[in-house]
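J.: Residue numbers (the numbering used here): -5 to 416.
#1: Spatial neighbours of residue 276 within its chain, please: C-beta separation below 7 Å, excluding the five flanking residues on both sides.
#2: Hey, how far is the Cα of residue 306 from the Cα of residue 162?
#3: Identify the continuous alpha helix (DSSP H) that holds residue 381 and give its terminal residues.
#4: Please tell me whether residue 47 and residue 64 are closer than 8 Å, where the distance is taken between their beta carbons.
#5: Using DSSP's beta-bridge definition, name the partner residues of residue 31.
#6: Buried or exposed for residue 117, going by 16 or more other Cβ atoms inside 10 Å?
#7: Taking the DSSP output, what are the residues bridged to residue 305?
#8: Per DSSP, what kind of secondary structure is residue 166 in: helix, strand or coil?
#9: When burial is assigned at 16 or more other CB atoms within 10 Å of the CB, is residue 106 buried or exposed?
#10: Do the CB positions of residue 388 and residue 402 come within less than 8 Å of each other?
#11: For residue 110, report the span of its beta strand (DSSP E) as first-last.
#12: Give a yes or no on whether the C-beta atoms belonging to residue 391 and residue 400 are separated by under 8 Å.
#13: How many Å lie between residue 396 and residue 168 at the Cα?
#14: Is it the case that the segment 219 to 239 contacts the segment 197 to 205, given that we only count it when at least three CB pairs across the two stretches are under 8 Å?
#15: Which partner residues of residue 47 appear in the DSSP bridge assignment?
#16: Counting C-beta neighbours from all protein chains within 10 Å, is the total for residue 355 16 or more, i.e. buried, or is it exposed?
#17: In angstroms, rounded to a whole number, what distance separates the CA positions of residue 21 and residue 43?
#18: My assumption, with CB atoms under 8 Å, is that residue 386 sits in contact with residue 269. Please give the rounded CB distance.
#19: Between the segment 130 to 149 and the segment 359 to 369, do three or more beta carbon pairs fall short of 8 Å?
#20: Under 8 Å: do the segment 202 to 217 and the segment 112 to 131 share three or more Cβ pairs, one atom per stretch?
#21: Could you check whether the Cβ of residue 79 sits closer than 8 Å to any Cβ belonging to chain D?
#22: For residue 372, list the residues DSSP reports as bridge partners.
#23: I'd like the list of long-range same chain contacts for residue 490, defined as Cβ closer than 7 Å, with 5 residues on each side in sequence excluded.
#24: For a quick check, are the C-beta atoms of residue 300 and residue 267 less than 8 Å apart?
#25: State yes or no: is the C-beta of residue 220 within less than 8 Å of the C-beta of residue 248?
#26: Contact between the segment 107 to 114 and the segment 72 to 83 is defined here as three or more beta-carbon pairs at a separation below 8 Å; is this criterion met?
#27: What did DSSP end up calling residue 405 once you bin it into helix, strand or coil?
#28: Looking at the secondary structure, which residues open and close the alpha helix (DSSP H) in which residue 250 lies?
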């Protein structure tokens, strides 16, 4: 091994240690707050939580979570005054459903739960929150059922319950979560309309970050935007472009900003899928295998994590995603294009939107039939975990410059070691 490689290895090892030490300090940091508090803040999240609403409030003391009746929950972006008692979040072992409230909300940046004694809005939403709320309202008011459900997911990151259930049964829920797939499509579309050079890079940057803000900063979208931003900076500086390195840097930056992000299931699924796909981007697939094989392998890479988090993973996803991903890469731009005339009340807008609504309804029917033909699901098993670890380790070893044979060997060794440790 050359001296340059040894130096680089030592540097990266030291950097990894420092980053890990910093992350541990952040995770173990104690938040010392009084038992009761009265303060002002901004509502960052307002989401359904069973029969109630959960709101995340950003205050000078940190982000606080409150559960309240739906009619009493202020809109996202509202400035509020809140008074209440503070409590720690419950862990998985402290409730019957085994839901880890602590990890879920800490991954969103929250530090405490507040039981509300008083909550009052002092100013309405402003800025991007105002646009999000306005867009949500006109989409629900002016678009037909299917177009409305997909547009809500694409623009403000809100998932329709009925549509989410259809996609969940066939393992295509990732299509409704704004992530790398959607940000990549947006960037691709922007390249068709923007000129080359700095203007194109600046225009694409503004477009993708504007979309990420509008959708509510979901982890998958932030990761994808960071990755694309690193790629664009590389273009601007004339540096070599490497998708695998961009994904890794984006993930590290997000963990440094909030180490608790690791416990966000959507962040982990997004990172796993993107790391794998960026690892095999230069593999020479043949004909249809370019679409089929990566899609099937991504399913195996993410299946253990999905099955652990949601008790099971639909087998239908191995097949239907081969069709769904390229199909929706075409459908999503069409959905946006036919929805705009309806939103601004142009003549004949309903006529233009009708075919798209029919296609989406046909997809829903097809998905329901497919779920009945392939109703089986699997749970997390040792062979499934071994397969997942083997695939991701082999792919990343190959992306790091190892030969195919060495990559396979490393994959077998590390996957076997992982099984012995769990």
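C-beta: ideal position from N, C-alpha, C; glycine also.
T.: In this structure, then:
#1: none
#2: 11 Å
#3: 376 to 393
#4: Going by C-beta atoms, residue 47 is nearer than 8 Å to residue 64.
#5: 78
#6: By the 10 Å Cβ count, residue 117 comes out exposed.
#7: The partner list for residue 305 (beta bridge, DSSP) is empty, contrary to what the question assumes.
#8: coil
#9: Answer is buried; the Cβ neighbour count reaches 16.
#10: yes
#11: Taken as a continuous stretch (DSSP letters only), the beta strand (DSSP E) holding residue 110 covers 104 to 117.
#12: yes
#13: 31 Å
#14: yes
#15: 42 and 62
#16: exposed
#17: CA-to-CA, the gap between residue 21 and residue 43 works out to about 26 Å.
#18: Contact between residue 386 and residue 269 holds, with the beta-carbon distance rounding to 7 Å and staying under 8 Å.
#19: no
#20: yes
#21: This model lacks chain D altogether; it includes just one protein chain.
#22: 307
#23: In the structure as shown, the chain starts at -5 and stops at 416, and residue 490 therefore has no counterpart that could be examined.
#24: No, Cβ-Cβ distance for residue 300 and residue 267 is not below 8 Å.
#25: yes
#26: yes
#27: helix
#28: Per DSSP, residue 250 belongs to the alpha helix (DSSP H) from 237 to 251.
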